[in-house]
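K.L.:
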Amino acid sequence: MTPLLRLTDVCVDIGRKRLLDGIGLTLDRGQVLGLVGESGSGKSLTALAIAGLLPLIGGKVTGGAIHFDGMDLTAIGEARLRSLRGKRFGFVMQNPMTALDAVQRIGEQIDIVSRLHLGLSAQAARLRTLDLMAQLRIAEPSAVAEAYPHQLSGGMKQRIVIAMALAGDPELIIADEPTTALDVTVQAQIIQILTRLSRDRGLALLLITHDMGVVAQVCDRVAVLYAGRIAEERAVEPIFEAPSHPYTAALIGCIPRDGMAPGSLHGIPGAVPVSGRYPSGCRFNPRCTHAADLCRQERPALRALPSGGSVACHFAKAETS
Amino acid sequence: MTQALLQVEGLTKQFHAGGGLFARQRSMTAVRAVDLTINRAEVVGVVGESGCGKSTLARLVMRLIEPTSGRVRLDGTDITALSPKTLRAARRRMAMVFQDPYSSLDPRYSIADILAEPFVVQSRRMPARTVETMLETVGLPQTMATQYPHQLSGGQRQRIGIARALVLQPEFIVLDEPTASLDVSIQAQIIELLSSLRDRFGLTYLFISHDLGLVRYFCNRIVVMYLGAVCEILPDPKSAPRHPYTSALLASNFSPDPAARRTLAPLAGEIPSPFNLPSGCAFAGRCPRVTDICRMQQPPLVAEGGHAVACFNPL
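As you go down the protein sequences, you meet chains Z and S in turn. FYI, in our numbering the residues of the first sequence are 5 to 325. FYI, in our numbering the residues of the second sequence are 12 to 326.
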């Protein structure tokens, strides 16, 4: 079966800078794929590329293909993309405060999605809105539908944004750091809602996060991005058990765990390189504890791992491609 | 020998809002009757979600804002009673590192100027080579002295924030979410730096954070706050929580271990508005163990061998 979403060797440029370089990903229905990496690694850019929203920031897909249910999104043109956005894939952005229109009632903002994409009448759309709100455990949906965004808490607003993303009955949801702006107990609620949706409705969920804890708890697969390239892509259990790429291992080592001895938390020295000023060879080499001459000279190819998944490191025990 | 360096007694801060032409004045208690002792060379963590009063507590301890009532003693001296002049002298012994390394550094000052400013404020002469030594202490290159904040990354800026806090050789440092706006990779670097500085200079920290996992890693003792009041003090970071809120916070912390994957049982509801708190326990509305008494009375903080909990039905 072909996956719902498949990115093949996607390159994205802004001006003369190549910011994404050969990104490959696959995501099936009912699956949660975590996209992780530090700021500046290209996570959000990947989301924008899938959505065809790169022109908003002056970017362009300059290579590769993005297949969604058989269609190449990079080739179908803006008019058809427009009919897909909201209907077949929905978005949940980081900051619910800016994702909502401040001067429109909550209910209307959700209604419009199903009126537009499902062609529902005003009454039918409102019924659908209230039903979605109830599914997202919003108490008193009809009262909340009449409220304005400023009257709601952050967690409530993020539920509204999720309701909007679901209103067109999409097959794929792209959630870009959906809980970063929320309190920890509310974060747990939102993550639970998103993963339940994926299981119950067979939704594909692309979860962009910097939190390896969230990844470990909810994702089926993980793609680790570094400086615009895929470092490693695998199922969640093996990646935490025995990470193949030193960057993945370093990211996991940054999270305090229970029973960790003092002094055993290690950051990653240095910082993500500024876009366009990447080191030659493996882009992680200046920060890598295993770096050798080969790493400084030659770009590591993304190779398949015997246990499934792939890794781009000269020293990983991968099958030679 | 353990010795109390900082003693906080009955510290309370009320804020008022409104009271203009159209709005009725409303008041909220951001910090309510907090008692806390921090021993020398100890790292005490204060953890809680937004609105729990942890940042207000940090500012009160530094006397950046005036308390409504209560005392803060640093090494026996009551900070809250000092005149501006004597307070300035006392401030040499305490410093603060702020959450946002972007807004806490003046963009028009060079790094050398930023590190010299505490001496200007204290009308003291800066010893020779101070800037060089401080940069080295926080692991930054000497060339940074002539640079400006906008040329630095977030992690480097926070190192400058730490260097500025250290420059007058204080004993006590308040760390107000020093890593909250940084990437996890940089957060780990900063935590390790703070930990080595503590060992090297015998510093005492009050560490404010919303991240219970991080606090459990870094601190000797943990104070959990909810809506302005202390609900639990864990004498050891590994102590099992007794307050249902602490337990919920712990359950909301995602462990980076897929083998320990569990069904999430998140807390229902969100933090109520501090402007109209329920009369009993502030957590009663979200608590899975709530009983009638919780809605009527505020539970007192009861200590048992260093482990204090404010709950009628503790775990």
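Yeah, the Cβ is synthetic: ideal placement off N, Cα and C, and Gly gets one too. Keep in mind that this is a model prediction, so the values were computed, not measured.
Which residue comes first and which comes last in the alpha helix (DSSP H) that contains threonine 257 of chain S?
P.N.:
In the DSSP assignment, threonine 257 of chain S falls within the alpha helix (DSSP H) that extends over 255-263.
K.L.:
Does the distance from the C-beta atom of glycine 217 of chain Z to that of glutamate 175 of chain Z stay below 9 Å?
P.N.:
no
K.L.:
Considering only the alpha carbon of each residue, which of Z:His214, Z:Thr6, Z:Thr189, Z:Ile178 lies closest to leucine 198 of chain Z?
P.N.:
Z:Ile178
K.L.:
Within the 9 Å Cβ cut-off, does glutamine 193 of chain Z reach chain S?
P.N.:
At least one chain S Cβ lies under 9 Å of glutamine 193 of chain Z.
K.L.:
Got a sec: is the Cβ-Cβ distance from cysteine 296 of chain S to anything in chain Z below 9 Å?
P.N.:
Rather than cysteine, the amino acid found at residue 296 of chain S in this sequence is glycine. No, no contact with chain Z.
K.L.:
Using 10 angstroms around the beta-carbon of serine 325 of chain Z, count the other beta-carbons present and answer buried if the total reaches 16, otherwise exposed.
P.N.:
With a pLDDT of only 47 at serine 325 of chain Z, under the threshold of 50, the placement of this residue in the model should not be trusted; the figure read from the coordinates follows. With fewer than 16 Cβ atoms within 10 Å of its Cβ, serine 325 of chain Z is classed as exposed.
K.L.:
By the DSSP assignment, the beta strand (DSSP E) with arginine 20 of chain Z in it spans what residues?
P.N.:
Note, arginine 20 of chain Z: premise wrong, no beta strand (DSSP E); not H, not E.
K.L.:
Name the chain Z residues whose beta carbon is nearer than 8 Å to that of asparagine 264 of chain S?
P.N.:
Result: Val188, Gly217.
K.L.:
Name the chain S residues that come within less than 8 Å of alanine 254 of chain Z, Cβ to Cβ?
P.N.:
Ser196
K.L.:
Between arginine 261 of chain Z and chain S, is there a C-beta pair that is closer than 9 Å?
P.N.:
yes
K.L.:
Spell out the partners DSSP gives glutamine 18 of chain S in its beta bridges.
P.N.:
S:Thr48, S:Arg84
K.L.:
Give the secondary structure of aspartate 297 of chain Z by DSSP, where H, G and I count as helix, E and B as strand, and everything else as coil.
P.N.:
helix
K.L.:
Select from the region 205-229 of chain Z all residues with a C-beta closer than 9 Å to any C-beta belonging to chain S, and list them in chain order.
P.N.:
His214, Asp215, Met216, Gly217, Val218, Val219, Ala220, Gln221, Val222, Cys223
K.L.:
What does glutamate 243 of chain S pair with, by DSSP beta-bridge criteria?
P.N.:
S:Val235, S:Val320
K.L.:
Nearest chain Z C-beta to glutamate 243 of chain S closer than 9 Å, yes or no?
P.N.:
no
K.L.:
Contact criterion: CB-CB distance below 9 Å. Does proline 182 of chain Z meet it with respect to chain S?
P.N.:
So no, proline 182 of chain Z is outside the interface.
K.L.:
Can you find at least 3 beta carbon pairs, one from the region 278-291 of chain Z and one from the region 201-220 of chain S, that sit closer than 8 Å?
P.N.:
no
K.L.:
How many whole angstroms separate the CB atoms of alanine 106 of chain S and leucine 204 of chain S, which I take to be in contact at a CB cut-off of 8 Å?
P.N.:
At roughly 15 Å, the Cβ-Cβ gap does not stay under 8 Å, so alanine 106 of chain S and leucine 204 of chain S are not in contact.
K.L.:
Run through chain S and tell me which residues come within less than 8 Å of glutamate 241 of chain Z, C-beta to C-beta.
P.N.:
Neighbours of glutamate 241 of chain Z on chain S, chain order: Pro269, Ala270.
K.L.:
If I'm right that arginine 74 of chain S touches leucine 47 of chain S with Cβ under 8 Å, what's the distance once you round it to whole angstroms?
P.N.:
That belief does not hold up - the Cβ atoms of arginine 74 of chain S and leucine 47 of chain S are roughly 15 Å apart, past 8 Å.
K.L.:
In whole angstroms, what is the alpha-carbon distance linking valine 58 of chain S and proline 189 of chain S?
P.N.:
Cα to Cα, valine 58 of chain S sits roughly 13 Å from proline 189 of chain S.
K.L.:
With tyrosine 230 of chain Z as the anchor, note down where its alpha helix (DSSP H) starts and where it stops.
P.N.:
It is not in any alpha helix (DSSP H) - tyrosine 230 of chain Z instead sits in the beta strand (DSSP E) that spans 225-230.
K.L.:
Would you identify the three-state DSSP class for phenylalanine 212 of chain S, choosing helix, strand or coil?
P.N.:
helix
K.L.:
Quick one: grab the DSSP three-state call for serine 279 of chain Z.
P.N.:
coil
K.L.:
Is it the case that the region 74-85 of chain S contacts the region 139-158 of chain S, given that we only count it when at least three CB pairs across the two stretches are under 8 Å?
P.N.:
Verdict: no, contact absent.
K.L.:
Can you grab the Cα-Cα spacing for the pair arginine 140 of chain S / proline 267 of chain S, in whole Å?
P.N.:
As the crow flies, the alpha-carbon of arginine 140 of chain S is around 43 Å from that of proline 267 of chain S.
K.L.:
Taking Cβ positions only, does glycine 224 of chain S come closer than 9 Å to chain Z?
P.N.:
yes
K.L.:
Restricting to runs no shorter than 4 residues, where is the alpha helix (DSSP H) found entirely within the region 268-316 of chain S?
P.N.:
303-307
K.L.:
Please classify aspartate 194 of chain S as buried or exposed, where buried requires at least 16 neighbouring CB atoms within 10 angstroms.
P.N.:
buried
K.L.:
Per the contact definition of three or more C-beta pairs closer than 8 Å, is the region 122-138 of chain Z in contact with the region 57-72 of chain Z?
P.N.:
no
K.L.:
Where alanine 44 of chain S and glycine 291 of chain S are concerned, what is the direct C-alpha to C-alpha distance, given to the nearest angstrom?
P.N.:
Roughly 15 Å between the two C-alpha positions.
K.L.:
Can you pull out the residues from the region 115-126 of chain S whose beta carbon lies closer than 8 Å to at least one beta carbon of chain Z?
P.N.:
none
K.L.:
Look at the Cβ atom of valine 315 of chain Z, then the Cβ atom of arginine 303 of chain Z, and state whether they are nearer than 9 Å.
P.N.:
no
K.L.:
Using 9 Å as the limit for Cβ to Cβ distance, is serine 125 of chain Z near chain S?
P.N.:
no
K.L.:
So, do the region 18-37 of chain S and the region 263-271 of chain Z have three or more beta carbon pairs nearer to each other than 8 Å?
P.N.:
By the criterion of at least three beta-carbon pairs nearer than 8 Å, the region 18-37 of chain S is not in contact with the region 263-271 of chain Z.
K.L.:
Pull the bridge partners of histidine 27 of chain S from the DSSP assignment, please.
P.N.:
According to DSSP, histidine 27 of chain S bridges with S:Ser38.
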